[in-house]
Every structure is written in C-alpha cells, then in structure tokens.
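Here the protein sequences come in this chain order: A and B.
Numbered by my numbering, the letters in the first sequence go through residues 2 to 229 in order.
Numbered by my numbering, the letters in the second sequence go through residues 3 to 226 in order.
Every residue, glycine too, gets a C-beta built ideally from N, C-alpha and C.
As the structure is a prediction and not an experimental result, all values here were calculated from the model.
To start, the structure itself, in structure tokens.
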Amino acid sequence: MKAFLNIVSRDLRLALRQKSDLTMAVLFFILTAMLFPFGLGPEPNLLARIAPGIIWVTALLAVLLSLERLFLADYEDGSLEQLILSSTSLEVAVLAKVLAHWLTTGLPLILAAPLIALLFNMDSDAMTILLIAMILGTPSLSLIGAIAATLTLGARRGGVLIPLLVLPLYIPTLIFGVGAIDAAMNSLEAGAVIANARPHLLLLGAILLVSLLITPLAGAAALRQSVE
Amino acid sequence: MGNSLFQGEDLTCIRGGRTVFLGLSFNLAQGQALILEGPNGSGKSSLIRMLSGLVRPKLGKLLWQGQDATKEPEIFQSHIHYIGHRNAIKPVLTVLENLAYWSGKTKDDPSLDDALDHFRMLPLKHTPANLLSSGQSRRLTLSRLLASERSVWLLDEPSVGLDVASVALLEEVIKTHRSKGGSVIFATHSPIHVENPNRLNLQDYSPLYNKELLAIENDEESWI
Numbered sequence: 002m003k004a005f006l007n008i009v010s011r012d013l014r015l016a017l018r019q020k021s022d023l024t025m026a027v028l029f030f031i032l033t034a035m036l037f038p039f040g041l042g043p044e045p046n047l048l049a050r051i052a053p054g055i056i057w058v059t060a061l062l063a064v065l066l067s068l069e070r071l072f073l074a075d076y077e078d079g080s081l082e083q084l085i086l087s088s089t090s091l092e093v094a095v096l097a098k099v100l101a102h103w104l105t106t107g108l109p110l111i112l113a114a115p116l117i118a119l120l121f122n123m124d125s126d127a128m129t130i131l132l133i134a135m136i137l138g139t140p141s142l143s144l145i146g147a148i149a150a151t152l153t154l155g156a157r158r159g160g161v162l163i164p165l166l167v168l169p170l171y172i173p174t175l176i177f178g179v180g181a182i183d184a185a186m187n188s189l190e191a192g193a194v195i196a197n198a199r200p201h202l203l204l205l206g207a208i209l210l211v212s213l214l215i216t217p218l219a220g221a222a223a224l225r226q227s228v229e
Numbered sequence: 003m004g005n006s007l008f009q010g011e012d013l014t015c016i017r018g019g020r021t022v023f024l025g026l027s028f029n030l031a032q033g034q035a036l037i038l039e040g041p042n043g044s045g046k047s048s049l050i051r052m053l054s055g056l057v058r059p060k061l062g063k064l065l066w067q068g069q070d071a072t073k074e075p076e077i078f079q080s081h082i083h084y085i086g087h088r089n090a091i092k093p094v095l096t097v098l099e100n101l102a103y104w105s106g107k108t109k110d111d112p113s114l115d116d117a118l119d120h121f122r123m124l125p126l127k128h129t130p131a132n133l134l135s136s137g138q139s140r141r142l143t144l145s146r147l148l149a150s151e152r153s154v155w156l157l158d159e160p161s162v163g164l165d166v167a168s169v170a171l172l173e174e175v176i177k178t179h180r181s182k183g184g185s186v187i188f189a190t191h192s193p194i195h196v197e198n199p200n201r202l203n204l205q206d207y208s209p210l211y212n213k214e215l216l217a218i219e220n221d222e223e224s225w226i
C-alpha cells in the first residue's frame, strides 16, 4: 500500500512539474468541443441533441492523446527496469500508474465537462447524468488505454499503434456513456431521469470492474515482456 | 559449495533468434568480485540482465544460496542492485527526490545524505536532475547502491562518463561493500581496480566469437 501511494505521488509530482503535459489533454477537450457550435451553427436544439456524443468523443480522444506518455518515459529512461526489479508487485504498480494518469487526465476532463455542457445548452438533469457517467467511464478509459500503452512499448512508432488498439475497445464505454445522457434527456417526468439512465450507468460500472481486473494482469505481463 | 551465494549453471541466452551465449556457468561467493570481459556484443549486458531476473534463461539454472531461482527471480531480486546503461533519473525531480524514490525512503532519511556524500553529490542535493552532467547523473545512479543495502551488485559499465576521481570513489565503495561480505559482478571496458577479482570472458561462450560453439548452436537449433 505504501509503495502504491509512493508511485502515485511520484507520478503526480512529475505531472505537476511538467504542466504542459497536464494541461494538454483538458485544453484539447475544451477547444475541440468548442469548435462544434461554430461548425454546426447556433441552433440550441440541435446542439443539445448532439452534445452527449460530442462530449464523449472529444473526451475519449483527449485521453488517447495522453496515453503514450503513461509508460514511455519510464521505459526509455530505465525506470521501468528498476520498477520491475523492486519489491513492489508489478500489478500494483500498474494500478498506481493508471490512478495517477486518471487523476491528471480523467479528473480534469470531468471538471471541464459542465462548462462544455453549458455551451451546448444541456439541461441540468442531463448534466448530472453526464457527470456520473464520466466518473464511471473515464477510469475505464485510462485502464483500457494502459494495456495498449504497455503493449506498444517495444514497438517503433508505438504512439501510432495505440489508437488502433484502443479505439475499438473504447466503443462500449462510448455507447453507454452517450446512452445514459440520451436516456436522461428523453425522459418526460422529472423523477424518471435516474431510472432511465440507470441501466446504462450500471453497464458503465461493469466495464469499469472488468477493466479494473484485467488491466493489472495484462499490463504487468506486457511490461515484463517489454524489457526482455 | 558451502559459501556459494549466487550460481549459474549452463546458462543459455537467446535474443531475437540469435544465441548470445551458451553453456555459461559461474559461481559467486560472499565478498567476491566477478569481472565480465569480452568484446562488444559478446553478451555482457545480456548476462547481467539475466542475473537480475529481467531476462529469463532459455536453458540452464540460476541458484540463489543453493536454491533454484530460475523460475522465481523474486527470490533474489530483493537482494540485488542492478545498474544498467540507463540511469532511471527523472529530470524534473531533484537529486534527493530521485534517490529517495528508488530507495523507498523519505527525503529526510540521513542514509540518503551519506550515500550522496560518498559520491560527492551532497552539494547538488536540491538541484533538479536535468541540470546534471552525464558524469553527475551516473554518480547519482551509483549512490543508489549505498542508499539501500543489498548483498549483490550487478553493474553494467558503471564507470561510463565518470572522471578518474569518480572511478576511484567507485572502487572505494566496492571495496567497502566487499569487506562487509557483499559481492559484485560488473562488466567494464575501462579499468576498474578491485582486489583479486575473478574474471569471466564472455568471448568463450559466444558463438559470434567462438567458432567451435557455432557447430553446437546449429546442432541445437535443429533440435528446437
């Protein structure tokens, strides 16, 4: 546990000292999402209708941008070898690194999401569901992405491979993330919002649990392979 | 065999389909120094990585205190320090933060100061590591050896980038380590002086340099 917190705090400190890395994902998210109203024209109903999809797709791409640096720096400077040799279990270390990644990319995205939602004229019920869906969904994005990040470590131009590996695996999160908000927007009675969105949110939770289980195992195996 | 600490029997390393070395055996006792020699590409780094447990041997056995540890390098990994070509230094962290992280100690631990002092890095304690020269980075990496105590040191060309005075510091540190019963295995091209070392020339085990092995290798490949 101490080793886990040690890795998390080191990665957070590294991210805070390299602010460009930290702000890149969230700035990308905000700027890209802001382009759509300009491109589609100022029609409030249309914007509100497509907002869930745009927010999720841009969030997903923002996470994608940040994935390469998750393990690459450690791989290149030899830290990874030392991490594997250290007494910390590698599975725990992978989880710690993913948590740090989520805190520096997923969490800022969640904090920025209400701003984008306002821009798209989303009502407050839908916004609440959006936040819940993102809290459940963005950790899965980091977890699934981490597998791809570890698998591409030895490859030349691994950064190009990551989207190919990851985007198909992100589709379920995207579908249920958008589905939850759509269900909330389409519910007629105020009380039915949560009930309508519930199945989607539960599925997002299921994806999170499965990836929480698989990522440490697959990630650790891929890391061991990468230094051989 | 009574005092044998770390032992390898008939080790074979195959990387990327090429046999790097085969049939290599060694025996390391407490307090011993083993110097790996051989031309470029003869497998010194591969052997050191194998001994650290990063690379598994294709054939042969690794024994730690007589116990077979080939499949479970975890048995000995908590007793070794591995220093490879790369320094594992984070440029945005200070010298002290880098050292504290790898030794698993808090920054106010006095043993960290001691370790830095041995390699004359104490004045640079609070300097961000991206301002260090390559020799200073190497000295910071080497001070990891002292920040936490491990019985076997595996050093892959530890003196790269070091000036003459720093090599002398390294020699002194190795000497103290051995006098306390520690052992060291290192590969080097520039001379590092230690008292009565054992030597292992990788050239003898490499099919690249030892043509007799080439026949065996081809023979074995037909088996595989």
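For residue i, the three-state DSSP class (helix, strand or coil)
| i | result |
| --- | --- |
| Gln69 of chain B | strand |
| Leu189 of chain A | coil |
| Asn26 of chain A | A quick correction: the sequence has Ala, not Asn, at residue 26 of chain A. Helix, per DSSP. |
| Gly4 of chain B | For Gly4 of chain B, the predicted model reports a pLDDT of 47, less than 50, meaning its position is unreliable and no value from the coordinates is stated. |
| Pro200 of chain A | helix |
| Ile226 of chain B | Below a pLDDT of 50, predicted positions are generally treated as unreliable, and Ile226 of chain B, at 49, falls in that range; no measurement from the model is reported. |
| Glu74 of chain B | coil |
| Leu216 of chain B | helix |
| Val162 of chain B | coil |
| Val9 of chain A | helix |
| Val22 of chain B | strand |
| Ser185 of chain B | strand |
| Gln19 of chain A | coil |
| Lys109 of chain B | coil |
| Tyr211 of chain B | coil |
| Leu56 of chain B | coil |
| Leu154 of chain A | coil |
| Asn46 of chain A | helix |
| Asp124 of chain A | coil |
| Gln79 of chain B | helix |
| Gln34 of chain B | coil |
Closest residue to residue i among the options (Cα-Cα distance)
| i | options | result |
| --- | --- | --- |
| Asp12 of chain B | B:His87, B:Ser105, B:Leu49, B:Leu118 | B:Leu49 |
| Ile56 of chain A | A:Met128, A:Gln226, A:Leu224 | A:Met128 |
| Ser143 of chain A | A:Ala184, A:Tyr171, A:Pro200, A:Leu116 | A:Tyr171 |
| Pro160 of chain B | B:Ser105, B:Gly86, B:Pro59, B:Ile91 | B:Gly86 |
| Glu229 of chain A | B:Leu64, B:Leu204, B:Lys60, B:Arg152 | B:Lys60 |
| Pro38 of chain A | A:Leu119, A:Leu210, A:Ala16, A:Arg14 | A:Leu119 |
| Thr2 of chain B | B:Glu151, B:Pro112, B:Thr108, B:Leu101 | There is no way to answer for residue 2 of chain B, as the model of chain B reaches only from 3 to 226. |
| Leu73 of chain A | A:Leu168, A:Asn197, A:Leu210, A:Ala156 | A:Ala156 |
| Ala113 of chain A | A:Lys98, A:Asp22, A:Ala60 | A:Ala60 |
| Pro199 of chain B | B:Ser185, B:Ser44, B:Gly68 | B:Ser185 |
| Ile163 of chain A | A:Gln19, A:Ser212, A:Leu224, A:Ile148 | A:Ile148 |
| Leu84 of chain A | B:Gly43, B:Leu157, B:Gln205, B:Trp104 | B:Trp104 |
| Thr89 of chain A | B:Gly106, B:Ala90, B:Gly55 | B:Gly106 |
| Val95 of chain A | A:Leu81, A:Thr105, A:Gly107 | A:Leu81 |
| Ser136 of chain B | B:Pro112, B:Glu39, B:Asp165 | B:Asp165 |
| Ser208 of chain B | B:Asn132, B:Phe8, B:Thr190, B:Leu26 | B:Leu26 |
Counted within 10 angstroms of its Cβ, other Cβ atoms place residue i as buried (16 or more) or exposed
| i | result |
| --- | --- |
| Thr216 of chain A | buried |
| Ala217 of chain B | exposed |
| Arg141 of chain B | buried |
| Pro53 of chain A | buried |
| His102 of chain A | buried |
| Asp12 of chain A | buried |
| Glu69 of chain A | buried |
| Lys213 of chain B | exposed |
| Met123 of chain A | buried |
| Pro125 of chain B | exposed |
| Arg20 of chain B | exposed |
| Gly79 of chain A | buried |
| Asn89 of chain B | buried |
| Gln79 of chain B | buried |
In DSSP terms, what residue i is bridged to
| i | result |
| --- | --- |
| Gln235 of chain B | Nothing in the structure corresponds to residue 235 of chain B, since chain B is present only between 3 and 226. |
| Thr96 of chain B | B:Pro130 |
| Asn203 of chain B | B:Glu39 |
| Tyr84 of chain B | B:Leu156 |
| Thr14 of chain B | B:Leu61 |
Residue i beta carbon near the ligand ADP (any heavy atom closer than 6 Å)
| i | result |
| --- | --- |
| Val186 of chain B | Inclusion of the ligand ADP in the displayed structure is not the case, the ligand content being empty and no account of it being possible. |
Give, in chain order, every residue of the stretch 99-111 of chain B whose Cβ lies closer than 9 Å to some Cβ of chain A. Listed by position, the residues of the stretch 99-111 of chain B near chain A (Cβ gap below 9 Å) are Glu99, Tyr103, Trp104, Gly106.
With 7 Å as the limit, tell me which residues of the stretch 76-89 of chain B have their beta carbon closer than that to any beta carbon of chain A; keep them in chain order. Taking 7 Å as the cut-off between beta carbons, the residues of the stretch 76-89 of chain B near chain A are Gln79, Ser80, Tyr84, Gly86, Arg88, Asn89, in sequence order.
At a Cβ cut of 8 Å, what residues of the stretch 97-131 of chain A count as close to chain B, listed as they run along the chain? Answer set for the stretch 97-131 of chain A: empty.
Any C-beta of chain A within less than 9 Å: which residues of the stretch 39-72 of chain B qualify? Taking a C-beta cut-off of 9 Å against chain A, the contacting residues of the stretch 39-72 of chain B are Arg51, Ser54, Gly55, Leu56, Val57, Arg58, listed in chain order.
Check each residue of the stretch 70-95 of chain A: if its Cβ is closer than 7 Å to any Cβ of chain B, include it; give the result in chain order. Per Cβ criterion, the list reads Asp78, Gly79, Ser80, Glu82, Gln83, Ile85, Leu86, Ser88.
The stretch 170-195 of chain B: which residues have C-beta closer than 9 Å to a C-beta of chain A, in chain order? Cβ contacts with chain A come from no residue of the stretch 170-195 of chain B.
Would you list, in chain order, the members of the stretch 153-187 of chain A that have their beta-carbon closer than 9 Å to a beta-carbon of chain B? Cβ contacts with chain B come from no residue of the stretch 153-187 of chain A.
Residues from the stretch 116-129 of chain B in contact with chain A, defined by Cβ distance under 9 Å: Residues passing the 9 Å Cβ filter: none.
Could you run through the stretch 16-33 of chain A and flag, in chain order, every residue whose CB is less than 7 Å away from some CB of chain B? The residues in question are Arg18, Gln19.
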